[in-house]
Structure formats: C-alpha cells, structure tokens
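As structure tokens, the structure follows; a few thoughts come after it.
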Amino acid sequence: MLPYTPALSYIAEIAVQRLLELHSYVAASALDLGCGNGQKTFPLCKYFKTVVGVDASPHMIDDAIAHRGESCATFIRGDFAKIPVDDASVDVVTMWNSLHYADPKTLIPELKRVLRNGLVFICEPGPASRYGFSDHKDADAMLARKLIQIDKVRREFMDEVEVISYAPTDMGYTLVCRV
Ligand SMILES: C[S@@+](CC[C@H](N)C(=O)[O-])C[C@H]1O[C@@H](n2cnc3c(N)ncnc32)[C@H](O)[C@@H]1O
C-alpha cells in the first residue's frame with residue numbers, strides 16, 4: 602500500500618495560488634468533492650478557513666477522519682448527485698482525480714446550488730501520471746481506458762461551464778471554471 606501523503610502536486614499548488622490571486626474572495630470556504638481519504642483535502646487548509654471533504658465511500662471518509670488531527674478539514678459521506686451541504690454555502694469546489702466518476706448532467710446543477718459564486722477547480726490525471734497503474738500487469742490497457750473516460754467527462758463538463766483557465770499537461774490538467 603502507498604504511504605499516506607497529504608500534499609498537492611506542484612502544478613496544483615501553483616494553480617490554487619493563482620486562483621486565489623485572481624479571486625481573493627474565495628479564501629473563506631472550500632468543498633473537496635470526491636475527497637477520498639483526504640490526502641488532497643488537508644493541504645487546502647493552508648488556503649481556506651473552512652474545508653469540507655465529501656466522498657461516497659464510508660471507508661474513505663473514516664480513513665480521512667482518522668488522519669484529521671488538528672486540521673481545519675471536516676468530512677461527510679455524500680454523493681456528487683446530492684451534495685450534503687446547504688445552498689450557496691461554499692466559495693470554491695475542488696475535485697482532484699474525481700470528476701471522471703461524475704455525470705456532469707447531475708453534478709453541474711448541484712455545483713450551482715451549493716456555490717455562492719460558482720467557482721470550481723478541477724485537477725485530473727494525464728498519460729504521464731500512469732494513474733497509479735504502473736505496477737499492474739495490464740497497466741497500459743487500464744490507463745488507456747481511464748484516459749478515455751477522463752477525456753469524455755472533461756469534454757461534457759467543459760461544454761456546460763464558463764472556462765476561466767484550462768492547462769493540460771502530460772501529467773494531467775487543471776481547470777478553473779464557473780458553473
Ligand atoms: C481516484 S479517487 C480520488 C480521491 C482524492 N480526491 C485524491 O485525489 O486523493 C476518486 C474518489 O471519488 C469518490 N467517488 C466516486 N464516485 C462518487 C460519487 N458519485 N459521489 C461522491 N464521491 C464519489 C470515490 O469514492 C473516490 O474516493
């Protein structure tokens with residue numbers, strides 16, 4: 602099993618800093634959707650006063666809570682299609698490696714509902730990330746299938762939102778948009 606490493610990638614760290622420079626009012630609260638066990642959620646406490654992680658997996662949520670310590674982050678089990686927070690209660694939603702699990706048709710109305718100003722920050726893996734499949738015997742086929750899914754959902758999602766910045770690299774892309 603990989604070690605628990607609460608950190609953003611270098612590219613994501615730069616992108617979040619840039620987002621905050623451009624939209625300083627977002628600094629109050631972040632919602633991390635599809636937060637897994639919180640490894641990308643905890644680093645957000647450096648930038649936001651309150652951070653809530655939401656994930657459909659009770660196992661992931663329990664693991665995130667177990668690592669919580671003194672962090673500002675809290676965690677709730679919930680689904681992209683019915684996000685368990687109040688209307689207009691969040692300044693920015695982040696999704697790390699999780700957009701491709703969502704259906705943009707149900708996700709986007711929920712994002713509109715929970716966000717005050719509609720800002721969403723997305724970071725998804727690319728071919729050079731290998732998506733953690735490197736050690737698997739079918740790594741190439743699994744990566745190819747995953748990249749097709751990532752690209753399909755990205756295109757569907759981007760067709761429906763106002764793109765503020767989109768930065769694709771071999772390691773993955775970052776997208777800042779308004780829903
Ligand atoms: C690849 S993991 C990414 C976890 C975390 N964001 C990270 O980068 O470390 C994708 C996460 O999305 C969650 N997920 C998948 N479908 C979901 C849904 N419909 N609603 C909420 N979470 C979901 C999974 O449980 C999983 O923890």
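Quick note on numbering: the working numbering labels position 80 of the sequence shown as 681, and the sequence is numbered without any gaps.
No residue lacks a Cβ here, since even glycine has one placed at the ideal position from N, Cα and C.
Proximity of Cys646 and Ala628 at Cβ, strictly below 7 Å: One-based indexing of the sequence shown puts residue 646 at position 45. One-based indexing of the sequence shown puts residue 628 at position 27. The answer is no: Cβ separation not under 7 Å.
Can you say whether Val764 is buried or exposed, counting buried as having 16 or more other CB atoms within 10 angstroms of its CB? One-based indexing of the sequence shown puts residue 764 at position 163. Label assigned to Val764: exposed.
Leu634 vs Met696 beta-carbon contact at 7 Å: Reading the sequence shown from its first residue, position 33 is the one you call residue 634. Reading the sequence shown from its first residue, position 95 is the one you call residue 696. In this structure, Met696 lies closer than 7 Å to Leu634 by Cβ.
Excluding the five sequence neighbours on either side, which residues of its own chain have a C-beta within less than 7 Å of the C-beta of Ser690, listed in chain order? Translated into positions along the sequence shown, residue 690 becomes position 89. These residues qualify, in order along the chain: Val715.
Examine the Cβ distances between the segment 708-727 and the segment 669-688 and report whether three or more of them are shorter than 8 Å. Contact between the segment 708-727 and the segment 669-688 is present: 3 or more CB-CB pairs across the two stretches fall below 8 Å.
Hey, Pro726 and Gly773 are a contact pair by Cβ (cut 8 Å); roughly how many whole angstroms apart? The residue labelled residue 726 in the question sits at position 125 within the sequence shown. The residue labelled residue 773 in the question sits at position 172 within the sequence shown. Contact flag correct, Cβ pair sits at about 4 Å.
Which same chain residues end up closer than 8 Å to Lys747 when comparing Cβ atoms and leaving out the 5 residues on each side of it in sequence? Here residue 747 refers to the residue found at position 146 of the sequence shown. Answer for Lys747: His701, Pro726, Tyr732 and Phe734, listed in chain order.
Quick check on DSSP: helix, strand or coil for Ser625? For the purposes of this step, residue 625 is identified with residue 24 of the sequence shown, where counting begins at 1. It is helical.
What is the residue span of the alpha helix (DSSP H) that Ala609 lies within? Along the sequence shown, read from residue 1 onward, the residue named residue 609 stands at position 8. Note that residue 609 is Leu in the sequence shown here, rather than Ala. Taken as a continuous stretch (DSSP letters only), Leu609 belongs to no alpha helix (DSSP H), as it is neither H nor E.
Beta-carbon separation (whole angstroms), Thr775 vs Ile723, contact threshold 8 Å: Against the sequence shown, residue 775 aligns to sequence position 174. Against the sequence shown, residue 723 aligns to sequence position 122. Under the criterion of beta carbons closer than 8 Å, Thr775 and Ile723 qualify as touching, at roughly 7 Å.
Buried or exposed (CB count within 10 angstroms, at least 16 for buried), Leu632: For this step, residue 632 is matched to residue 31 along the sequence shown. By the beta-carbon neighbour count (other beta carbons within 10 angstroms, threshold 16), Leu632 is buried.
Tell me the rounded alpha-carbon separation between Ala740 and Pro728. For this step, residue 740 is matched to residue 139 along the sequence shown. For this step, residue 728 is matched to residue 127 along the sequence shown. Whole-angstrom Cα-Cα distance: 11 Å.
Roughly how many angstroms separate the alpha carbons of Thr606 and Val780, rounded to a whole number? Translated into positions along the sequence shown, residue 606 becomes position 5. Translated into positions along the sequence shown, residue 780 becomes position 179. For Thr606 and Val780, the distance between alpha carbons rounds to 31 Å.
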